[in-house]
Amino acid sequence: WAAFIIRPFSAPITDRGNKKLIYIAAVGALTLAVFMYSLSMDNSAFAVPAKIIHGVSWTFISTITAVIVSEYVPREDLGTAMGFFMISQMIASAVSQPVAFALAEYMGYASMLLVFTAISAFGLVLVCFTAPTKVPARLPGQSMFGGLKLNNLFAKEAISPMIINVAFQGTRTGITVFMAAFALEELIANIGVFATAASLMGWVARPALGILLDKKGPIATLIPAGLFFSAGLLCLAFAQDLTWFIISGILIGIGQNGISPVLMTISMRTVPAERKAAANSTNYLGMDIGSALASTVGGVLCAVFGYRVGFAAFVVPVVLAVALAVVILSRLEKQERTA
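Residue numbers for the sequence shown follow the numbering used here, so the first one is 15 and each next one is one higher.
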């Protein structure tokens, strides 16, 4: 919810402020949040403040990182640079969870979180040594908060894609949040291989899905991706051993890599070119709301009915998201043909 509140302001503040200083502050706050998570293992009073700081800091980090990458490389090399940047994220996703679970099993969660605090602090040092970024010119006395308007923060045309992202991102978050607890309850070791399988499958499937998207269009990509994602969730619900989790990771890896780019495309196509930033902000709002709802509503559902029922129930928002996306895409394509 902290991310949901801050998200609309992160993009315009980033555009108007010193990006490097904002980046340093955000990574510093994230490092503090991870350290507070380690303290919360002995004192739960640290848990909620840590989560709030985490939400705010990650909102700015996710907003500003790609912008800074675009400033460091020539325009003609931006596609290559962003490709390497996305690969680095996928490597981190594939490696971090198995390492985290192994460290937690070996030394406990508090010590594992201290290790990741040190890793985050190292990242903070690297950010401090990056080149200065461009600081936009402002009128004398004008702050980076000046000129913020509702029209710049939110695109009402993108409400429908935002709702889709509430459902889709909520499911993705629910998997991440409850996977560790589910594995502990079922006494399944090395559960981090689920994330590794999903990430590796994303690397393999992304080129094929990109070709499918270009050749057959978003609807032809979205429907099979939704089926793969739903099948992966059902595999989680019935998983009995590590093999089931690996199969589930493969299916979910294909599904989410087919759905994510289509949802981003829908948001961009609902607004004119000059309001794409507002559409992007609205798109991320849907992701933040979905994450918040998954953590709260999904938590109650799993506590009352169990994790297996919770994972099976997540199929419902995935199916609704895909169905709504197909309807919106059909309307957009009809409007574009008649324009």
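Using N, Cα and C, we set each Cβ at its ideal position, and we do this for glycine too.
Asked                                                                                                                                                                          : Found
Nearest to Ser262 by alpha carbon, out of Ala211, Lys229, Thr190, Ala17?                                                                                                       : Ala211
Where does Phe252 sit, in a helix, a strand or coil, going by DSSP?                                                                                                            : helix
For Thr79 and Leu315, I'd like the C-alpha separation in whole angstroms.                                                                                                      : 35 angstroms
Go ahead and label Tyr37 buried or exposed: buried means 16 or more other beta carbons lie within 10 angstroms of its beta carbon, across all protein chains shown.            : buried
For Leu153, I'd like the list of residues in its chain whose CB is within less than 6 angstroms of its CB, leaving aside the five on either flank, ordered along the chain.    : Here Leu153 scores only 45 on pLDDT, less than 50, and its place in the model is too uncertain to base an answer on.
For Met126 and Leu247, what's the separation of their Cα atoms in angstroms?                                                                                                   : 28 angstroms
Which term fits Cys249, buried or exposed, when burial requires 16 or more other beta carbons within 10 angstroms of its beta carbon?                                          : buried
Count the other CB atoms within 10 Å of the CB of Lys33; is the residue buried (16 or more) or exposed (fewer)?                                                                : buried
Which runs of the alpha helix (DSSP H) at least 4 residues long sit entirely within the stretch 16-74? Give them in chain order.                                               : 16-30, 33-54
In terms of residue numbering, what span does the alpha helix (DSSP H) encompassing Ala212 cover?                                                                              : 207-230
Buried or exposed: which applies to Thr235, given that a residue is buried once 16 or more other Cβ atoms fall within 10 Å of its Cβ?                                          : buried
What span of residues does the alpha helix (DSSP H) with Gly184 cover, start to end?                                                                                           : 173-200
On the criterion of 16 or more Cβ atoms from any shown chain inside 10 Å, does Tyr120 qualify as buried, or is it exposed?                                                     : exposed
By alpha-carbon positions, which one of Gly269, Phe252, Ile233 ends up nearest to Leu241?                                                                                      : Gly269
Tell me whether Gly300 counts as near the ligand HEM, meaning its Cβ is closer than 6 angstroms to at least one heavy atom of that ligand.                                     : Within the structure as shown, the ligand HEM is missing, as the structure has no ligands at all.
What's the gap between the Cα of Pro63 and the Cα of Ile20?                                                                                                                    : 15 angstroms
Is the CB of Ile105 under 7 angstroms away from at least one CB in chain D?                                                                                                    : In the displayed structure, chain D is absent; only one protein chain is listed.
DSSP on Gly122, reduced to helix/strand/coil?                                                                                                                                  : coil
For Gly272, collect the residues of the same chain with a Cβ closer than 6 angstroms to its Cβ; drop the 5 residues on either side in sequence, then sort them by chain order. : Leu223, Thr235, Ala239
What is the residue span of the alpha helix (DSSP H) that Val323 lies within?                                                                                                  : 321-327
Quick one: residues in its chain with C-beta nearer than 7 angstroms to the C-beta of Ala47, no 5 flanking neighbours on either side, listed in chain order?                   : Ala64, Ile67, His68, Ser71
Measuring only the C-alpha atoms, how far is Leu117 from Tyr123?                                                                                                               : 8 angstroms
Indicate the three-state DSSP secondary structure (helix, strand or coil) for Pro331 in the structure shown.                                                                   : helix
Please state whether the Cβ-Cβ distance between Leu307 and Gly184 is less than 7 angstroms.                                                                                    : yes
Nearest CA to the CA of Val336: which residue from Phe243, Met301, Met193?                                                                                                     : Phe243
Going by C-alpha distance, which of Pro221, Pro232, Leu214 is nearest Val109?                                                                                                  : Leu214
So, is Gly14 buried or exposed, given that buried needs 16 or more other C-beta atoms within 10 angstroms?                                                                     : No information on residue 14 is available, as it lies outside the stretch 15 to 353 that the chain covers here.
Let me make sure I understand the geometry here. Which of Met50, Leu35, Ser274, Arg351 has the alpha-carbon closest to that of Ile178?                                         : Ser274
Quick check on Lys348: does DSSP put it in helix, strand or coil?                                                                                                              : helix
Expressed to the nearest angstrom, what Euclidean distance is found between the alpha-carbon atoms of Leu226 and Arg351?                                                       : 21 angstroms
Using three-state DSSP, classify Thr310 as helix, strand or coil.                                                                                                              : helix
Hey, Thr73 and Ser24: beta-carbon distance below 7 angstroms or not?                                                                                                           : yes
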